[in-house]
Amino acid sequence: MRARCCKAMEYLADQGLLLVRAGVGWKPGVVGHTTLETGLDTPAGLAFQTGRPVLSNNLDVERRFRVPKLLVEHGIKRLLNVPVPLSKGRAWGVLAADSPDDGAFDDVDGEFMEGMASLLGVAIQGRLTQQKLEQHAALLRLSHDAIIVWTAAHGIELWSEGATHLYGFTAREALGRSPAKLIEPVYPAQWADVERELKSRGGWEGEVRQSCKDGHEVIVLSRLQLVRGPGREERLLEVNRDISPRKRVEAALRASEERFRTLYEAQQTAHLILSPDLIIENASPAYLEATMKRREELIGKHLFEAFPDNTDDPGATGVRNLRASLNRVLENRAPDRMPVQKYDIRQPSGVFEARWWAPLNVPVFSDEGRVRHIIHQVEDVTAEMIERQKAAEAKAGEARLRELADTIPGLVFETDPEGRNTYVNEQYRAYTGLPLDALLGERWREVVHPDDRGRVAAAWREAAHSSQPLEMEARIRRADGAWRWFMFRVSGIRDDDGRGKKGIGVCIDIDDAKRAQELLRESEQQFRNLAESLPQLTWMADGRGWIYWYNRRWFEYTGTTLEEMQGWGWRAVHHPDYVDGVVERIQRAWNTGEPWEDSFPLRGADGHYRWFLSRALPMKDSEGRVIRWFGTNTDITEKQRLEDLQKTLIHEISHRVKNSLALVSSLLNLQARTLEGTPRKALAEAASRVHSVAGVHDQLSLQENAREVDLGPFIQNLAGAIATSAPRHTTAVEAESGTVSADLAIPIGLLLNELLTNAYKYAYPEDVGGEVRVKGTLTGEDRYRLEVADFGRGLPAGFAFTKAGGSLGSRVITSLATQLNGELTADSTHPGARFTLTFPLRRNGEKSPTR
Numbered sequence: 013m014r015a016r017c018c019k020a021m022e023y024l025a026d027q028g029l030l031l032v033r034a035g036v037g038w039k040p041g042v043v044g045h046t047t048l049e050t051g052l053d054t055p056a057g058l059a060f061q062t063g064r065p066v067l068s069n070n071l072d073v074e075r076r077f078r079v080p081k082l083l084v085e086h087g088i089k090r091l092l093n094v095p096v097p098l099s100k101g102r103a104w105g106v107l108a109a110d111s112p113d114d115g116a117f118d119d120v121d122g123e124f125m126e127g128m129a130s131l132l133g134v135a136i137q138g139r140l141t142q143q144k145l146e147q148h149a150a151l152l153r154l155s156h157d158a159i160i161v162w163t164a165a166h167g168i169e170l171w172s173e174g175a176t177h178l179y180g181f182t183a184r185e186a187l188g189r190s191p192a193k194l195i196e197p198v199y200p201a202q203w204a205d206v207e208r209e210l211k212s213r214g215g216w217e218g219e220v221r222q223s224c225k226d227g228h229e230v231i232v233l234s235r236l237q238l239v240r241g242p243g244r245e246e247r248l249l250e251v252n253r254d255i256s257p258r259k260r261v262e263a264a265l266r267a268s269e270e271r272f273r274t275l276y277e278a279q280q281t282a283h284l285i286l287s288p289d290l291i292i293e294n295a296s297p298a299y300l301e302a303t304m305k306r307r308e309e310l311i312g313k314h315l316f317e318a319f320p321d322n323t324d325d326p327g328a329t330g331v332r333n334l335r336a337s338l339n340r341v342l343e344n345r346a347p348d349r350m351p352v353q354k355y356d357i358r359q360p361s362g363v364f365e366a367r368w369w370a371p372l373n374v375p376v377f378s379d380e381g382r383v384r385h386i387i388h389q390v391e392d393v394t395a396e397m398i399e400r401q402k403a404a405e406a407k408a409g410e411a412r413l414r415e416l417a418d419t420i421p422g423l424v425f426e427t428d429p430e431g432r433n434t435y436v437n438e439q440y441r442a443y444t445g446l447p448l449d450a451l452l453g454e455r456w457r458e459v460v461h462p463d464d465r466g467r468v469a470a471a472w473r474e475a476a477h478s479s480q481p482l483e484m485e486a487r488i489r490r491a492d493g494a495w496r497w498f499m500f501r502v503s504g505i506r507d508d509d510g511r512g513k514k515g516i517g518v519c520i521d522i523d524d525a526k527r528a529q530e531l532l533r534e535s536e537q538q539f540r541n542l543a544e545s546l547p548q549l550t551w552m553a554d555g556r557g558w559i560y561w562y563n564r565r566w567f568e569y570t571g572t573t574l575e576e577m578q579g580w581g582w583r584a585v586h587h588p589d590y591v592d593g594v595v596e597r598i599q600r601a602w603n604t605g606e607p608w609e610d611s612f613p614l615r616g617a618d619g620h621y622r623w624f625l626s627r628a629l630p631m632k633d634s635e636g637r638v639i640r641w642f643g644t645n646t647d648i649t650e651k652q653r654l655e656d657l658q659k660t661l662i663h664e665i666s667h668r669v670k671n672s673l674a675l676v677s678s679l680l681n682l683q684a685r686t687l688e689g690t691p692r693k694a695l696a697e698a699a700s701r702v703h704s705v706a707g708v709h710d711q712l713s714l715q716e717n718a719r720e721v722d723l724g725p726f727i728q729n730l731a732g733a734i735a736t737s738a739p740r741h742t743t744a745v746e747a748e749s750g751t752v753s754a755d756l757a758i759p760i761g762l763l764l765n766e767l768l769t770n771a772y773k774y775a776y777p778e779d780v781g782g783e784v785r786v787k788g789t790l791t792g793e794d795r796y797r798l799e800v801a802d803f804g805r806g807l808p809a810g811f812a813f814t815k816a817g818g819s820l821g822s823r824v825i826t827s828l829a830t831q832l833n834g835e836l837t838a839d840s841t842h843p844g845a846r847f848t849l850t851f852p853l854r855r856n857g858e859k860s861p862t863r
């Protein structure tokens, strides 16, 4: 060919270039480094892209392509490029002959180059194939499965790492040996049958028992593939996966199912045996008894044909829920326990009976692992569900009682026998500013003063276990962080067996009375002089709590001396039932430096005990250290007796006034019965209004403060009392707090009585009940709005309070509104009517009441 240069160029797919992989006649640095483009405008690219030889004997005049820089630099005048073919129509690259000499390449040269390119392609293809085979062999050797390649003539040729792991033989031990002798396979069929299937189908799969190096056997899922290599030599590719653990599990499951079946059949349970298509195959006697069925009524029937939903219950879900559970059993191949289901059963009479069931659906498998049966087992829990419904109704009744407790103007609570809160009313939550869950259980302690928690807890537990009511004082933290004293009254409730069931209590605010007893502190000498003249028993202690001084009244009352009382000697005059608690609480004050306050009985010189309210305040130096304690013991026995007496007298006076008014009302009614027409009606209305005055007075007598009235509870309680006279009507009351004097509360109560009784009489037809709403709203700093509304027939046309000749009731209402200096309006609300009175909370010149 007379070509001084030639080169073999490999196509780089990731770069789209031809790399000079080998060549002769080129300058150093060309081979292995220089790349040429593969476009159709280059000689090599044209040959590579078209797959045909490219010949040019005069590059100077060539117009088909441009001459690459490499050829120009080497002075190439003529070239011959042919593609290097691989299998499947692919090309490895280009083989090129280049010459800087004059002359010409002819067709013979082209045929020679194509032959050389074909030979080169065969060599390259073989090399690539060898590399892939080596890669595949490496992957096979690394597989977790046991992979073996063997021939009948040469034995094992490939032994993977998975095979070594499974059988224990190394590759060195296995190569060249016959698998039949090495691992002794036992096929499920004769080897001749396996070999016949390999030749007819090219492969075989099945479970094979094989031996390992240490002598134990494994069961593998074996896949055999017949591979024919060069020269038609047959090899077997064998891939074995160890399924011994799975087989052991399956055997254990079958044994477990057999044991379960034996045990289940021995149990006297209520159950059906179903086929996978839900046909009833058997029913236990307990099931027949529970469902009131005979065996011949069920066997061979579809489950839901035998047990349909209750046709009288459009919301019945028994069939739907049971069908879903049975489908889950079939799909998941596992038991399915259903929650309690309401599934009514048809009685022999045809009437459905309400029933509740706890179902369990269990699959039973065949030897092939398929679901053969479903055991539908049920437990009749109807009696339990009925008890639960009764309990729910009882709980609803308790909830209604708690709603009533929310209207009580005190902190109401309920505890279990261990003193844990189970309920607090709305006032309790409002006072503390905490949500319900923050006051239940043991968390009530967080709002009781640390000094009081122990004795409060003890009192609550004692009350819950005892039938005797208990009283005690303790401090409760208000929503703004302030501590206020309350009187706790707790009573226990016992169950039918006489055991403590719970405790119910109420807390009444007594903080104002407690704080009225605080004393001023002065210097030590001034205090001693003053203390001797005080009616209280007074004392002083050092910073550690060692009492070193008492006033004269202490010794006069107790009949003791300083030598007997100094230090901790004072415990001798304390009641033995209280002394331990007092010591604990006062020691806590000594330790913390916090003021101390307690109530307990002290023994007098005559041997009798009297109750004392005791307080101690720390005196601190400039650095905040406690240097002395100053304490007082105030006799509160007489005060408590007088307060109780005062309450008794007020109650007695109120009771007599109420009885007197009731007597007047009764006399008017008796007189009215002797009359007819307008006089009788007038006397009856007068009797009713006297009765109303008695009711208002009764409500005012319930107020703790005789001079001031909180309109919130006053309106709620009064409206509730009036509503009892009209039981067929529903009365809803919502009233905000607003404080007025007792003088103003009387006309407010009378006006509310008139509006409510009128609504009961005239808003709805006779003998027809309806709703009447009462709403009290604080509209400003000193004004209040009272509304009474109904949803009945509404106001008559042209209604007006000022209309001449109005009824007595209208005149009374107008007069009371004027007395209150209020604005009275009446509106039709379609349906119904609404009466509104807006009035000031105090009269002109009257001081604002304490809020």
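Residues in the sequence shown are numbered from 13 upward in steps of one, following the numbering used here.
Beta carbons are placed, not taken as given, at the ideal position from N, Cα and C, and that holds for glycine.
Per-residue burial, HIS388 [other beta carbons within 10 Å of its own, 16 or more giving buried]: Position 376 of the sequence shown, counting from 1, holds the residue named residue 388. Flag for HIS388 reads buried.
What does DSSP give as the partner residues of ILE488 in its beta bridges? Here residue 488 refers to the residue found at position 476 of the sequence shown. In the DSSP output, where bridge partners are listed per residue, ILE488 has VAL460, ARG496.
How big is the Cα-Cα spacing for PRO191 and SER212? Taking the first residue of the sequence shown as position 1, residue 191 is located at position 179. Taking the first residue of the sequence shown as position 1, residue 212 is located at position 200. The alpha-carbon atoms of PRO191 and SER212 are separated by roughly 22 angstroms.
Quick one, which of LEU342, ASN69, LEU131 has its alpha-carbon nearest ASP113's? As a first step, residue 113 is located in the sequence shown; it is residue number 101 there, counting from the start. Nearest option by C-alpha distance: ASN69.
Just the Cα atoms here: how many angstroms apart are ILE311 and GLU293? Sequence index remark: in the sequence shown, residue 311 carries index 299 (1-based). Sequence index remark: in the sequence shown, residue 293 carries index 281 (1-based). Approximately 5 angstroms, taken between the alpha carbons.
Which value, in whole angstroms, describes the spacing of the CA atoms of ARG863 and ASP507? Numbered from 1 along the sequence shown, position 851 holds the residue referred to as residue 863. Numbered from 1 along the sequence shown, position 495 holds the residue referred to as residue 507. Caution is warranted here: a pLDDT of 38 is assigned to ARG863, below 50, making its placement in the model unreliable, and the coordinate value is therefore given only provisionally. The alpha-carbon atoms of ARG863 and ASP507 are separated by roughly 43 angstroms.
Residues near LEU83 in its chain [Cβ-Cβ closer than 6 angstroms; skip 5 each side]: Here residue 83 is taken as the residue at index 71 of the sequence shown, counted from 1. Here the set comprises nothing.
I need the straight-line Cα distance from GLY844 to ALA475, nearest angstrom please. If you number the sequence shown from 1, residue 844 lands on position 832. If you number the sequence shown from 1, residue 475 lands on position 463. Each residue's Cα considered, the two are about 50 angstroms apart.
In terms of residue numbering, what span does the beta strand (DSSP E) encompassing GLY63 cover? Your numbering for residue 63 matches position 51 in the sequence shown. Run containing GLY63: none; DSSP gives neither H nor E here.
What residue from LEU248, ASP324, PHE377 has the CA that sits closest to GLU270's CA? Within the sequence shown, residue 270 is the residue found at index 258, counting from 1. When each option's Cα is compared against that of GLU270, the closest is PHE377.
Helix or strand or just coil, what does DSSP make of PHE851? As a first step, residue 851 must be located in the sequence shown, where it is residue number 839. Correct three-state label for PHE851: strand.
Beta-ladder partner(s) of ALA838, from DSSP: Locating residue 838 in the sequence shown gives position 826, where the first residue counts as 1. Partner(s): PHE847.
Can you tell me whether DSSP reads PRO371 as helix, strand or coil? Here residue 371 refers to the residue found at position 359 when the sequence shown is read from its first residue. Strand.
Which residues in the same chain as GLU534 place their Cβ atom closer than 6 angstroms to its Cβ, once the five residues preceding and following it in sequence are excluded? Residue mapping note: residue 534 aligns to position 522 of the sequence shown, counting from 1. The predicted position of GLU534 is uncertain, since its pLDDT is 42 and thus under 50; a value taken from the coordinates is nonetheless stated next. Answer for GLU534: no residue qualifies.
For the alpha helix (DSSP H) that contains ASN770, what are its first and last residues? As a first step, residue 770 must be located in the sequence shown, where it is residue number 758. That run of the alpha helix (DSSP H) goes 754-774.
Which residues does DSSP pair with GLN401 in a beta bridge? Translated into positions along the sequence shown, residue 401 becomes position 389. None; GLN401 has no bridge partner.
Along the chain, where does the beta strand (DSSP E) containing GLN237 start, and where does it finish? Taking the first residue of the sequence shown as 1, we reach residue 237 at position 225. For GLN237, the enclosing beta strand (DSSP E) begins and ends at 229-240.
Would you mind giving the Cβ-Cβ distance between ALA328 and ASP356, rounded to the nearest angstrom? I have them listed as a contact below 8 angstroms. Here residue 328 is taken as the residue at index 316 of the sequence shown, counted from 1. Here residue 356 is taken as the residue at index 344 of the sequence shown, counted from 1. Correct: roughly 7 angstroms between the Cβ atoms.
Tell me the rounded alpha-carbon separation between ALA775 and GLU783. Taking the first residue of the sequence shown as position 1, residue 775 is located at position 763. Taking the first residue of the sequence shown as position 1, residue 783 is located at position 771. In a straight line, the C-alpha of ALA775 is about 10 angstroms away from that of GLU783.
Mapping DSSP to helix, strand and coil, what is ARG533? Counting from one through the sequence shown, the residue named residue 533 turns up at place 521. Low confidence applies to ARG533: its pLDDT is 41, below 50, so where it sits in the model is not reliable, and the reading given next is rough at best. Note: ARG533 maps to coil in three-state DSSP.
Could you name the residues of the same chain whose beta carbon sits closer than 7 angstroms to that of THR649, not counting the 5 residues immediately before and after it, in chain order? As a first step, residue 649 is located in the sequence shown; it is residue number 637 there, counting from the start. Apart from the 5 residues on each side of it in sequence, THR649 sits with its Cβ closer than 7 angstroms to the Cβ of ARG622, TRP623 in its chain, given in chain order.
Cut-off 8 angstroms between Cβ atoms - residues of its own chain near ASP226, not counting five sequence neighbours on either side: One-based indexing of the sequence shown puts residue 226 at position 214. Hits under 8 angstroms: GLY180.
Residue range of the beta strand (DSSP E) that includes ALA744: Numbered from 1 along the sequence shown, position 732 holds the residue referred to as residue 744. Unbroken beta strand (DSSP E) run through ALA744: 742-747.
Across which residues does DSSP place GLY167 in a beta bridge pair? Counting from 1 along the sequence shown, the entry for residue 167 is found at position 155. For GLY167, which the question treats as bridged, DSSP gives the partners THR163.
Give the C-beta separation of LEU91 and LEU71 to the nearest angstrom, bearing in mind that I take them to be a contact with Cβ-Cβ under 8 angstroms. The residue given as residue 91 occupies position 79 in the sequence shown. The residue given as residue 71 occupies position 59 in the sequence shown. Cβ atoms of LEU91 and LEU71 come within 8 angstroms of each other, at about 7 angstroms.
Going by beta carbon distance, what residues of the same chain come within less than 7 angstroms of TYR569, once the five residues before and after it are set aside? Along the sequence shown, read from residue 1 onward, the residue named residue 569 stands at position 557. Taken in chain order, the residues that qualify are LEU549, GLY616, ALA617.
Between GLY453, GLU609, ASP325, which lies nearest to VAL363 when the distance is taken from Cα to Cα? Taking the first residue of the sequence shown as 1, we reach residue 363 at position 351. Closest option to VAL363, Cα to Cα, is ASP325.
Tell me the DSSP secondary structure of LEU31 in three-state form. The residue you call residue 31 lines up with position 19 of the sequence shown. Three-state result, LEU31: strand.
From the DSSP output, in three-state form, read off GLY330 for me. Here the question's residue 330 lines up with position 318 in the sequence shown. Helix, per DSSP.
Classify PRO739: buried if its beta carbon has 16 or more other beta carbons within 10 angstroms, exposed otherwise. Within the sequence shown, residue 739 is the residue found at index 727, counting from 1. With fewer than 16 Cβ atoms within 10 Å of its Cβ, PRO739 is classed as exposed.
I'd like the list of long-range same chain contacts for TRP171, defined as Cβ closer than 7 angstroms, with 5 residues on each side in sequence excluded. Here residue 171 refers to the residue found at position 159 when the sequence shown is read from its first residue. Answer for TRP171: ILE160, ALA183, ALA186, LEU187, listed in chain order.
Which residues does DSSP list as the beta-bridge partners of HIS586? Counted from its first residue, the sequence shown places residue 586 at position 574. According to DSSP, HIS586 shares a beta bridge with LEU614.
Restricting to Cα atoms, I'd like to know which of VAL134, GLN578, GLY557, HIS620 is closest to PRO630. The residue you call residue 630 lines up with position 618 of the sequence shown. Checked all of VAL134, GLN578, GLY557, HIS620; the closest Cα to PRO630 is GLY557.
Use the C-beta contact count for PRO777: other C-beta atoms within 10 angstroms, 16 or more gives buried, fewer gives exposed. To locate residue 777, count along the sequence shown from 1; it is residue 765. Under this definition PRO777 is an exposed residue.
Just to confirm my understanding: we take GLY28, look at its own chain, exclude 5 residues before and 5 after, and list those with CB closer than 7 angstroms. What are they? Working through the sequence shown from its first residue, we reach residue 28 at position 16. Cβ neighbours of GLY28 beyond the five flanking positions: THR50.
Enumerate, from N- to C-terminal direction, the unbroken alpha helix (DSSP H) stretches of 4 or more residues contained entirely within the segment 165-219. 173-179, 183-186, 191-194, 203-213
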